[in-house]
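Per full-length UniProt numbering, numbering through the sequence shown is continuous, rising by one, with the last residue being 210.
Worksheet for the structure shown next.
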Amino acid sequence: MHNLFRARIQVAHDLASAIEYMHDRRIINRDIKSANIGFCAQGVLKCYDFGLSRFLPEKMVDGGYEMSPVGTKLFMAPEVRAKKTYGLPADVYSYGVVLWQVLSLASPRDGLATHSRAKIEEENLKECWLPICSCWPDDLQELVRVCLASNPRARPSMTQVRSILDGYLQGLWSTTDQQRRKRTLLHDSTVEESHITVESKTSLLTQEDL
1 MHNLFRARIQ VAHDLASAIE YMHDRRIINR DIKSANIGFC AQGVLKCYDF
51 GLSRFLPEKM VDGGYEMSPV GTKLFMAPEV RAKKTYGLPA DVYSYGVVLW
101 QVLSLASPRD GLATHSRAKI EEENLKECWL PICSCWPDDL QELVRVCLAS
151 NPRARPSMTQ VRSILDGYLQ GLWSTTDQQR RKRTLLHDST VEESHITVES
201 KTSLLTQEDL
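Here it is as structure tokens:
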């Protein structure tokens, strides 16, 4: 179970790195969702469908850019749904929804249990409308919350997100290594690392979208 959870966090990390790469080049994706994420035959995470992506100019208007409100409803940031100016933080919000999926292994449709579809699509919810499970590690709970902040300025950059997941993965590797050494001493044998197949990885991000 520990290895499976680590694989899920690795997926979240790799996606964060891919979005960070785009943002470093002033490219906004505008349609980040689980349906646009997959894996190649070698198990490397890939982002697909850049049809809505745009290169952002340097000049902003009211803290954002004047662009059409495009994307997939339940993955769209509040400022996009409200047809306001927006920028790279809108991608961070969409990433937050995918991160929630990776942790919960559920669809964002499940969040409709506490908020009606109309309210989510037509209003700027001040709170995170996706249920945060208390069983998740505290730092990952907080990461989901800040990525889904209604105020775009309160969201972290993708560099910050990737850095947080870097540290979390290093902690998981350290814990796993310590546990492996203990088992080796107790059983006088080498504990083999479990392998995660591409098929099992892919299942982490194949939740039903809108």
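Beta carbons are placed, not taken as given, at the ideal position from N, Cα and C, and that holds for glycine.
Item	Value
Residue from N29, N3, H2 whose Cα sits closest to the Cα of V80	N29
Limits of the alpha helix (DSSP H) - the one that C147 falls within	138-147
Bridge partners - F55, DSSP secondary structure assignment	I27
Short Cβ contact (8 Å threshold) for P152 with Y86	yes
Residue burial classification, residue 255 (beta-carbon count within 10 angstroms, cutoff 16)	Residue 255 lies beyond the residue range present for the chain, which begins at 1 and ends at 210; the question has no answer from this structure.
S34, buried or exposed, once every other Cβ within 10 Å from all chains shown has been counted against 16	buried
Among S134, Y48, A16, S17, the one whose alpha carbon lies nearest that of D31	Y48
Where M60 falls, given that 16 or more other Cβ within 10 Å makes a residue buried	exposed
Meets three-Cβ-pair contact criterion under 8 Å: the stretch 139-151 and the stretch 97-109	yes
Bridge partners - L45, DSSP secondary structure assignment	F39
DSSP-derived helix/strand/coil call for G71	coil
Simplified DSSP state of G64, which is helix, strand or coil	strand
Selected residue, minimal CA-CA separation from G71, among G51, F55, P57, L105	G51
Of the residues A106, P78, C133, the one placed nearest R155, counting alpha carbons only	P78
Whole-angstrom distance between I27 and D14, CA atom to CA atom	17 Å
CA nearest to the CA of V92, picked from Q160, A7, D138, L172	Q160
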